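Colleague: Numbering-wise (the working numbering), the sequence shown opens with residue 198 and increments by one. Cβ atoms here follow ideal geometry from the backbone N, Cα and C, with glycine treated the same way. Remember, it's a predicted structure, so these values are computed and weren't measured experimentally.
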Amino acid sequence: MRAAGAVAAQTLQRVGRALRPGMTGAAIDALVRADTAERGARCAQLGYHGFPGAVCVSIDDVACHGIPGPQVLAEGQLVSVDVTSELNGWHGDTCATFVLGEPSPEAAHVLDVARRCRDAGIAQVRHGARLGDIGHAVETLAQREGCAVVRVVGGHGIGRKMHQAPHVDHFGAPNRGVRLREGMALTVEPILVLGSPELVEDDDGWTLRTPDGSLAAQFEHTLLVTRDGCEILTRPT
Ligand code: MF3
Ligand code: CO
Ligand code: CO
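Take a look at the structure:
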């Protein structure tokens, strides 16, 4: 899990450094495929329930599951890149939202709040904590910052499979839900939006957008639960 997480983190970091206006989603996809192969890993999202890309590329009002293709990146956009790598049968899953050039104040805000919400969720993770503690921490910070949390997409257990039980809501009540145990691995990956958190699906059957065209941002880490906290398996180096 550590090695798989490191691969996903390194690939995501490489993409982040390569992003620039004029680049296409397809070019990001090609970079992820090449970089993953160089590291001896496999792109776990490719073909997952038929997903056609090696990576999710979700721009501006696309909240997640954007298919990399002919979209052309432009100055000021929010580009979220979600990388899931499989190495020796184990998975690492990580996502970050990048801004190209100077963000609008609104874009900067949702980006900042999404990262802080993920980190607030992560801060709850330790042996004996409960899933509701994570959700509550994320939702409380989001509300305080005037943002909304997407409810239809959550985090998940991860290991031999990309998606395993339990499902991890990014909302909820403290001291409720599944109790975390040392040795469990899970993701925390809240999507934050400036408007309505309901999402609508494009005709491609994958792309999930905000219904009002408002901006969305997402950050994700894969975590290993420990006695007094957690180890972030997808921390960039
Ligand atoms: N990496 C995504 C997650 O965080 C999964 C996307 S599934 C795909 O759970 F099929 F859209 F790639
Ligand atoms: Co995930
Ligand atoms: Co992911």
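Terminal residues of the continuous beta strand (DSSP E) containing residue 139?
Modeller: Absent from the model: residue 139. The displayed extent of the chain is 198 to 434, so no value can be given.
Colleague: Under 8 Å from any heavy atom of ligand 3, does the C-beta of residue 240 make it?
Modeller: Numbered from 1 along the sequence shown, position 43 holds the residue referred to as residue 240. The answer is no for residue 240.
Colleague: Can you tell me which of the three DSSP states residue 361 falls into?
Modeller: Here residue 361 corresponds to residue number 164 of the sequence shown, with the count starting at 1. Three-state DSSP puts residue 361 in a strand.
Colleague: Short check: CB of residue 356 to CB of residue 331, under 9 Å?
Modeller: As a working note, residue 356 is residue 159 in the sequence shown. As a working note, residue 331 is residue 134 in the sequence shown. No, the pair does not count as a contact, with Cβ atoms beyond the cut-off.
Colleague: Between the Cα of residue 262 and the Cα atoms of 250, 341, 272 and 337, which residue gives the shortest distance?
Modeller: Here residue 262 refers to the residue found at position 65 of the sequence shown. Closest by alpha carbon: 250.
Colleague: Residue 273 and residue 255: beta carbons closer than 9 Å?
Modeller: In the sequence shown, residue 273 corresponds to position 76, counting from 1. In the sequence shown, residue 255 corresponds to position 58, counting from 1. In this structure, residue 255 does not lie closer than 9 Å to residue 273 by Cβ.
Colleague: Which of the three DSSP states, helix, strand or coil, is assigned to residue 328?
Modeller: Within the sequence shown, residue 328 is the residue found at index 131, counting from 1. Three-state DSSP puts residue 328 in a helix.
Colleague: Are the CB atoms of residue 289 and residue 229 within a distance shorter than 9 Å?
Modeller: The residue you call residue 229 lines up with position 32 of the sequence shown. The residue you call residue 289 lines up with position 92 of the sequence shown. Contact: no.
Colleague: Name the two residues that bound the continuous beta strand (DSSP E) containing residue 233.
Modeller: By one-based count along the sequence shown, residue 233 stands at place 36. Segment 222-235 is the alpha helix (DSSP H) holding residue 233; no beta strand (DSSP E) there.
Colleague: Below 8 Å, how does it come out for the stretch 202-222 and the stretch 275-289: are there three or more Cβ pairs, yes or no?
Modeller: The stretch 202-222 vs the stretch 275-289: in contact.
Colleague: For the stretch 371-387 against the stretch 420-432, are there 3 or more C-beta pairs whose distance is under 8 Å?
Modeller: Judged by Cβ distances under 8 Å, the stretch 371-387 makes contact with the stretch 420-432, as three or more pairs qualify.
Colleague: Less than 8 Å between the CB of residue 248 and some heavy atom of ligand 1, yes or no?
Modeller: Counting from one through the sequence shown, the residue named residue 248 turns up at place 51. At least one heavy atom of ligand 1 is nearer than 8 Å to the Cβ of residue 248, so yes.
Colleague: Just to confirm, does residue 365 get its C-beta within under 8 Å of one of the non-hydrogen atoms of ligand 3?
Modeller: What you label residue 365 is simply residue 168 of the sequence shown in a count that begins at 1. No; taking the cut-off as 8 Å, the Cβ of residue 365 has no heavy atom of ligand 3 nearer than that.
Colleague: How should residue 366 be labelled, buried or exposed, when 16 other C-beta atoms within 10 angstroms of its C-beta is the threshold for buried?
Modeller: As a working note, residue 366 is residue 169 in the sequence shown. Its Cβ being crowded by 16 or more others within 10 Å, residue 366 is buried.
Colleague: What does the alpha-carbon distance come out to for the pair residue 199 and residue 352?
Modeller: As a working note, residue 199 is residue 2 in the sequence shown. As a working note, residue 352 is residue 155 in the sequence shown. Those two C-alpha atoms are separated by around 18 Å.
Colleague: Regarding residue 360 and ligand 2, is the C-beta to nearest heavy atom distance less than 8 Å?
Modeller: The residue given as residue 360 occupies position 163 in the sequence shown. Yes - ligand 2 has a heavy atom lying nearer than 8 Å to the Cβ of residue 360.
Colleague: Once DSSP output is grouped into helix, strand and coil, what is the label at residue 260?
Modeller: On the sequence shown, residue 260 is found 63 positions in, with the first residue counted as 1. Residue state, collapsed to three classes: strand.
Colleague: Label residue 267 either buried or exposed according to how many other C-beta atoms from any shown protein chain fall within 10 Å of its C-beta, with 16 as the threshold for buried.
Modeller: Against the sequence shown, residue 267 aligns to sequence position 70. When all chains shown are included, residue 267 counts as exposed.
Colleague: Tell me whether residue 240 sits in a helix, a strand or coil according to DSSP, three-state version.
Modeller: Here the question's residue 240 lines up with position 43 in the sequence shown. Note: residue 240 maps to strand in three-state DSSP.
Colleague: At the level of alpha carbons, what is the spacing between residue 390 and residue 383?
Modeller: As a working mapping, residue 390 is identified with position 193 in the sequence shown. As a working mapping, residue 383 is identified with position 186 in the sequence shown. Computed Cα separation, rounded: 23 Å.
Colleague: Thinking residue 394 and residue 346 are a contact (beta carbons under 8 Å), I'd like their distance in whole angstroms, please.
Modeller: By 1-based counting over the sequence shown, the position of residue 394 is 197. By 1-based counting over the sequence shown, the position of residue 346 is 149. That belief holds up - the Cβ atoms of residue 394 and residue 346 are roughly 6 Å apart, short of 8 Å.
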